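Peer 1:
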Amino acid sequence: AQALVKWKNSLSPPPPPPSLSSWSLTNIPHLCNWTGIACNGGGLVTDINLSGSSLNGTLDALDFASFPNLTRFDVSNNNLEGPIPSLIGNLSQLGFLDLAGNFFEGAIPHSIGQLRKLEKLDLTLNELTSSIPSELGLCSNLTFLALAQNSISGELPLSLSNLVRLSEFGASENRLSGELPPEFFTNWTKLISLQLQNNFLSGQIPTEIRSLTKLNCLFMYSNWLSGKIPPEIGSLTKLNYLSLENNSLSGPIPGIGSLKNLLQLDLSMNNLSGQISPEIGSLTKLNFANMRSNLLSGTIPPEVGNLTLLTDLDLSMNQFYGEVPETISRLANLQWISLFTNNFSGGIPRDFGKYSPSLMYVAFSHNSFTGELPPYLCSGFALIYLMIDGNNFTGPLPDCLKNCSWLTRVRLEHNQLTADIMSAFGVYPNLVFIRLNNNRFVGNLTAQWGECTNLTNFQIDGNKIAGRIPPELGKLSQLRVLTLYNNELTGKIPDEIGNLGELLNLNLSNNHLVGDIPISLGNLSKLNYLDLSKNAMSGSIPDELANCKNLLSLNLSNNNLSGVISPELGNLFVLQILLDLSHNSLAGSIPSNLAKLTKLENLNLSHNNFSGTIPAALTSLVSLSSIDLSYNELTGAIPSGRLFQQAPESAFIGNPGLRGNVTGLSPCVTGSKSTDHRKKVLVGVSVGIFCLLLLTLIAVILALRCRKKLLDEKQEIKRLKEHEKFEQIIWERLGKFTFSDITKATNDFSEDYCIGKGGFGSVYKAVLASGQIVAIKKLNASESGNIPAVNRQSFENEIRVLTEVRHRNVIKLHGFCSKRGCIYLVYEFVERGSLAKVLYGGTGAAELDWGTRVKIVQGVAHAIAYLHHNCSPPIVHRDITLNNILLESDLEPRLSDFGIARLLNSGSSNWTTMAGSYGYMAPELAIMMRVTNKCDVYSFGVVALEIMMGKHPGDLLSSLSMKKTSTISEDPNLLLKDVLDPRLPPPTGQRAKKVVFIIMAALACTHTSPDSRPTMHFVARELSARAQTYFE
């Protein structure tokens, strides 16, 4: 009693009453009735059970020697901390020890091996470190051993194989490493549950696993296991749960038809290949099957229809092909089906959904499905997610879709659907995201869309929608993206659009809209992109647009706007990507106030009625890469700045009064007539002499080349014939389109279609005749040139490899074309552009909150891990920067330009002139001049830090390098809050923990020693594991 009271008094703060009120020296006669105390017949304490008693403090003051008869000690689910006392080993009669759910730290004491009668040991959910003591193997009576959710490291000690009575062993979510000893599986024949997930275990799964014939649960997911899944796993006939996802397992799925008691099967995120065996139909108790993100191929066996209890089926991101079997319609309990990013073709069975009333999630995106959607797809009205984008579906939408009021996310874009949207859609109070673009929808937008009050993304561009824009859209207070361009809309833009205070992107271009630009648009203070081009709008540009302080791009071209440019537009300081007012009837002078747009990259004021001189102040627009002032009434001299002097002739033509040293314009006149005459004579004589010398030189060269030409002509003709196909073809999974299709869509690669320039060349946006939008990267002539014949097959093979890359966070490469001595790479088009533009575009802080940044880092990590560990052969990116991370409209990251540098230097494994971008390159490149995947890891670390800091981390990395520290925690003068982006309020709660982890992981990735950097597989896995704590 005294020992218990002494320990109670040491607890701080004291436990709240009445939990231990009975523990008192004045109440010793009733010791056996004290809270949590039980005694044997002799009045000796045998049980201490204080689980969930809100205890705070340590076990240091508890004298275990006072309880020689103690058989049960349970203080689980409290707030106890400190080390586990080694004296606990003196409890020789102890059979049950539960310390789970506390804050115990340090190592598991070696004295634990003295507890020879121990049957249950639970240390789950603490902060224990170090390795598992080998003495634990002396506790030969153990049947239950739980060590999960700590930070225990090292290998599993072989001595644990002595625990022959063990029925449950869990050590998940630790830092265990090494291989699994076969002796475990040979000796643990009574094992029912084995849970080792979320560790760093490596090697193969031993074939001795066949001995675990009583096993009910096998969890080994999120480790580094490799090799094949042993066929012996088919011996585990009592298995209910088999989860091996997120490893590096390869080879075929072994015969598992004998696992007739299996309820859940998860083999996702490995490198498994081959086909799904028809024997899967024998698993009639199966309710969950996940095989996504592997290399599986073949067709779905019809026998899958026998799995009538199946609720979840995920086969996404594989290489399956053929048609979906009719039998899939039998799955009466199906709730979730995901087949996206495969090569499926044909139609979806007509009865699909008819017998599945609980169907909630359907994802058929990025396949080659054709035909109409099944009419019973949502007959149970339970549908929440519907994603069928990137197929060839035709015809109307199912009638039942109108009444699916639970719909949250809908993606139907890039198909050939022909429904009338007036009758096809209903009111969806839970709808957050819908994309209907690039189909053949007709009809008018109705007022009921204004009732979808949770909508954040509404994209219906590229259809045949007519009528007026309903003013009720102004009720969508959460809307961030509204794109209605390339339709047949008429009437005025409703003033109510100005009520959309969260709007980031508004694109109404290429319609038949008329009237004035609403003054209310000036209320859209968060707007980044505004495009009203190619309409019939009139009136003047309202001064209120200058209130859209976060605009990155403003396009009002091809309208009937008149009046003057308000100087107020010069206050759009963030404007960066585009200011296009061309093809209107604007007049007056160009305001010098536009010189304040110092971030602007593209300015187009052509085809208007501007007069006066070009303001000299515009020479201060140092970021400007393109300017067009053609076809106005401008006069005077062109300013002398670099931009104006290097601009092409087309930028100024159509202005008869302009003069300057530009081709096609009258030169500026200076000096006296006599001086001019002397200069002309001198120039004339010089030109004459030069021409004579030039003609002589040309004659000699032609004579030499003529001789060589005769010798090489036959060989050249043969070479051209051999490679004619190579120079023309573009691989495209959904069909082929020709080089002429691309040249037509870009007006022969006109600058008007150029959307970016980089180290490898220029990027063009092309809207093909089919409506498909692609981005074409035209490689610089010096970078592409003519590929040597010996390298052509290698180049073609590597292109084929890159076109097979399929990951939600990696840009799809459709194919390539070799023409005119240049290389053209064709990618899918991503709307928002680079992460760099968003992060530094003025609204980076507002739009990229901590949760979004964490998700971006996680997506990029998974993309790189996929390239490194899931592609065969592995792909090293070589140039990971913010500019090579593109963002979808919902801010989902997409990694671009993967493998390009390798293609352009395919003859060498060394990395010389194209080692990446300054500030992102790994330091060892300066020494080895050779790229490995650890160079990508370093670049990822820099990018992750930059995302979290809101600036390049060069100064931070230099500071840590000089102090020879690798983490912020080792520098007492540097606080984490000091490095986070100051534009955001500091993160709190679980989100703060996630941000801290990303910072620490990023610093580990930027370690100067490549061998000390983690793999991207590890980083991606850790991010996923920790993300589950708070991600929505």
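Just so we're aligned, residue -7 is where the sequence shown starts under my numbering, counting upward by one.
Just so it is clear, CB atoms sit at the ideal spot from N, CA and C, and this is done for glycine as well.
Fair warning: this is a prediction, and the values are worked out from it, not measured in the lab.
(1) Using CA coordinates, which residue listed in Ser11, Pro559, Asn262, Leu995 is at the minimum distance from His860?
(2) CA-CA distance, Ala99 and Ala138?
(3) First and last residue of the alpha helix (DSSP H) that includes Asn166?
(4) What does Arg64 pair with, by DSSP beta-bridge criteria?
(5) How long is the line joining the alpha carbons of Lys672 and Ser622, rounded to whole angstroms?
(6) Assuming Asn552 contacts Ser577 (C-beta within less than 8 Å), just tell me the rounded distance between them.
(7) Can you tell which of Leu331, Phe361, Pro367 has the C-alpha that lies nearest to the C-alpha of Tyr353?
(8) Could you give the uninterrupted runs of the beta strand (DSSP E) lying entirely in the region 163 to 228, keeping only those of 3 residues or more?
(9) Rounding to the nearest angstrom, what Cα-Cα distance links Ala781 and Leu917 in this structure?
(10) Any heavy atom of the ligand ZN closer than 7 Å to the Cβ of Phe821?
(11) Kindly indicate which three-state DSSP category Thr904 falls into: helix, strand or coil?
(12) Which class does His860 belong to by DSSP, given the choice of helix, strand or coil?
(13) If you run the structure through DSSP and keep just helix, strand and coil, what is Pro379?
(14) Using alpha carbons as the reference points, say which of Ile461, Ile104, Glu97, Lys526 lies closest to Trp441.
(15) Check His102 in the structure and name its three-state DSSP category.
(16) Are there three or more Cβ pairs, one per stretch, closer than 8 Å when the region 815 to 824 is compared with the region 761 to 771?
(17) Please go through the region 326 to 370 and give each complete beta strand (DSSP E) segment of 3 or more residues, from N-terminal end onward.
(18) Taking C-alpha atoms, which residue in Tyr420, Gln408, Leu393, Leu409 lies nearest to Thr1034?
(19) Cα-Cα, which of Thr611, Leu62, Ser16 is closest to Gly34?
(20) Using 8 Å as the cut-off, can you tell me whether the region 847 to 855 makes contact with the region 552 to 570, which would need three or more C-beta pairs spanning the two stretches below that distance?
(21) Can you tell me whether Ser235 is buried or exposed? The criterion is at least 16 other CB atoms within 10 Å of its CB, across all chains shown.
(22) What residue range is occupied by the uninterrupted beta strand (DSSP E) comprising Tyr313?
(23) Using only the alpha-carbon positions, how far apart do Gly266 and Ser348 sit?
(24) State the Cα-Cα distance for the pair Leu217 and Met309, rounded to the nearest angstrom.
(25) Do you know how far the Cα of Leu172 is from the Cα of Leu36?
(26) Once you ignore the five residues that flank Asn479 on each side, which residues in its own chain have a CB closer than 6 Å to its CB?
(27) Straight-line CA distance for Arg472 to Asp620?
(28) If you follow the alpha helix (DSSP H) that Phe989 is in, where does it begin and where does it stop?
(29) For Leu613, which of helix, strand or coil comes out of DSSP?
(30) Looking only at its chain, what residues have a beta carbon closer than 8 Å to the beta carbon of Pro5, apart from the 5 residues adjacent to it on each side?
(31) Classify Gln(-6) as buried or exposed, calling it buried when 16 or more other Cβ atoms lie within 10 Å of its own Cβ.
(32) Leaving out the 5 sequence neighbours to the left and right, which residues in its chain are closer than 8 Å to Thr205 when beta-carbon positions are compared?
(33) Start and end of the beta strand (DSSP E) containing Cys814?
(34) What number of angstroms, rounded off, separates the C-alpha of Tyr832 from the C-alpha of Leu995?
(35) Pick helix, strand or coil for Met529, following the three-state DSSP scheme.
(36) Please classify Cys809: does DSSP put it in a helix, a strand, or coil?
Peer 2: Reading from the atomic positions:
(1) As a first step, residue 860 must be located in the sequence shown, where it is residue number 868. Of the candidates Ser11, Pro559, Asn262, Leu995, the one whose C-alpha sits nearest the C-alpha of His860 is Asn262.
(2) For the purposes of this step, residue 99 is taken as residue 107 along the sequence shown, with counting starting at 1. For the purposes of this step, residue 138 is taken as residue 146 along the sequence shown, with counting starting at 1. The alpha-carbon atoms of Ala99 and Ala138 are separated by roughly 15 Å.
(3) Position 174 of the sequence shown, counted from the start, is the residue given in the question as residue 166. Taken as a continuous stretch (DSSP letters only), Asn166 belongs to no alpha helix (DSSP H), as it is neither H nor E.
(4) Translated into the one-based positions of the sequence shown, residue 64 becomes position 72. Answer by DSSP bridge pairing, in chain order: Asp39, Phe88.
(5) Taking the sequence shown and counting its residues from 1, the one referred to as residue 672 is at position 680. Taking the sequence shown and counting its residues from 1, the one referred to as residue 622 is at position 630. Low local confidence applies: a pLDDT of 46 at Lys672 is under 50, so the model's placement there is unreliable, with the coordinate-based value given in what follows. Using only the alpha carbons, I get a separation of about 30 Å.
(6) As a first step, residue 552 must be located in the sequence shown, where it is residue number 560. As a first step, residue 577 must be located in the sequence shown, where it is residue number 585. About 6 Å separates the two Cβ atoms, so the contact holds.
(7) As a first step, residue 353 is located in the sequence shown; it is residue number 361 there, counting from the start. Closest by alpha carbon: Leu331.
(8) 167 to 171, 185 to 187, 192 to 195, 209 to 211, 216 to 220
(9) Reading the sequence shown from its first residue, position 789 is the one you call residue 781. Reading the sequence shown from its first residue, position 925 is the one you call residue 917. Here the model assigns Ala781 a pLDDT of 42, short of 50, so the residue's position is not dependable, and the following value carries that caveat. Each residue's alpha carbon lies about 30 Å from the other.
(10) The ligand ZN is absent from the structure shown, which contains no ligands of any kind.
(11) Within the sequence shown, numbered from 1, the residue matching residue 904 stands at position 912. Because the pLDDT of Thr904 is 34, which lies under 50, any placement of that residue in the model is unreliable, and the number read from its coordinates should be weighed accordingly. The answer is coil: DSSP assigns Thr904 none of H, G, I, E or B.
(12) Residue mapping note: residue 860 aligns to position 868 of the sequence shown, counting from 1. Reduced to three states, the DSSP call for His860 is helix.
(13) Reading the sequence shown from its first residue, position 387 is the one you call residue 379. First, the residue type needs correcting, since residue 379 is Met and not Pro in the sequence shown. Strand.
(14) The residue labelled residue 441 in the question sits at position 449 within the sequence shown. Ranking the options by Cα distance to Trp441, first place goes to Ile461.
(15) Within the sequence shown, numbered from 1, the residue matching residue 102 stands at position 110. Correct three-state label for His102: helix.
(16) yes
(17) Scanning the region 326 to 370 for uninterrupted beta strand (DSSP E) segments of 3 residues or longer gives 328 to 330, 335 to 338, 353 to 355, 360 to 363, listed from N- to C-terminal end.
(18) This structure leaves residue 1034 out entirely; the chain is present only between -7 and 1024.
(19) Counting from 1 along the sequence shown, the entry for residue 34 is found at position 42. Just measuring C-alpha positions, the residue of Thr611, Leu62, Ser16 sitting nearest Gly34 is Leu62.
(20) no
(21) Counted from its first residue, the sequence shown places residue 235 at position 243. The residue is buried, with at least 16 neighbouring Cβ atoms inside 10 Å.
(22) Taking the sequence shown and counting its residues from 1, the one referred to as residue 313 is at position 321. First-last of the beta strand (DSSP E) with Tyr313: 311 to 314.
(23) The residue you call residue 266 lines up with position 274 of the sequence shown. The residue you call residue 348 lines up with position 356 of the sequence shown. The straight-line gap from Cα to Cα measures roughly 29 Å.
(24) Reading the sequence shown from its first residue, position 225 is the one you call residue 217. Reading the sequence shown from its first residue, position 317 is the one you call residue 309. If you take the alpha carbons of Leu217 and Met309, they lie about 21 Å apart.
(25) Numbered from its first residue, the sequence shown carries residue 36 at position 44. Numbered from its first residue, the sequence shown carries residue 172 at position 180. Taking the straight line from one Cα to the other gives about 43 Å.
(26) Counting from 1 along the sequence shown, the entry for residue 479 is found at position 487. Asn455, Ile457, Asn503, listed in sequence order.
(27) Mapped onto the sequence shown, residue 472 falls at position 480. Mapped onto the sequence shown, residue 620 falls at position 628. The straight-line gap from Cα to Cα measures roughly 31 Å.
(28) Walking along the sequence shown from the start, residue 989 turns up at place 997. Note, Phe989: alpha helix (DSSP H), 981 to 997.
(29) Translated into positions along the sequence shown, residue 613 becomes position 621. If DSSP states are grouped into helix, strand and coil, Leu613 belongs with coil.
(30) Within the sequence shown, the letter at position 13 stands for residue 5. Taken in chain order, the residues that qualify are Asn48.
(31) Indexing the sequence shown from 1 puts residue -6 at position 2. The residue in question, Gln(-6), is exposed, as its Cβ has fewer than 16 Cβ neighbours within 10 Å.
(32) Walking along the sequence shown from the start, residue 205 turns up at place 213. Counting only Cβ-Cβ distances below 8 Å, and skipping sequence neighbours, we find Thr181, Ser227, Leu228, Thr229, Lys230.
(33) Start at 1 with the first residue of the sequence shown, and residue 814 comes out as number 822. Run containing Cys814: 814 to 820, per the beta strand (DSSP E) assignment.
(34) For the purposes of this step, residue 832 is taken as the residue at position 840 of the sequence shown. For the purposes of this step, residue 995 is taken as the residue at position 1003 of the sequence shown. Taking the straight line joining both Cα atoms gives about 22 Å.
(35) The residue you call residue 529 lines up with position 537 of the sequence shown. DSSP places Met529 in the strand class (E or B) of the three-state scheme.
(36) Position 817 of the sequence shown, counted from the start, is the residue given in the question as residue 809. If DSSP states are grouped into helix, strand and coil, Cys809 belongs with the strands.
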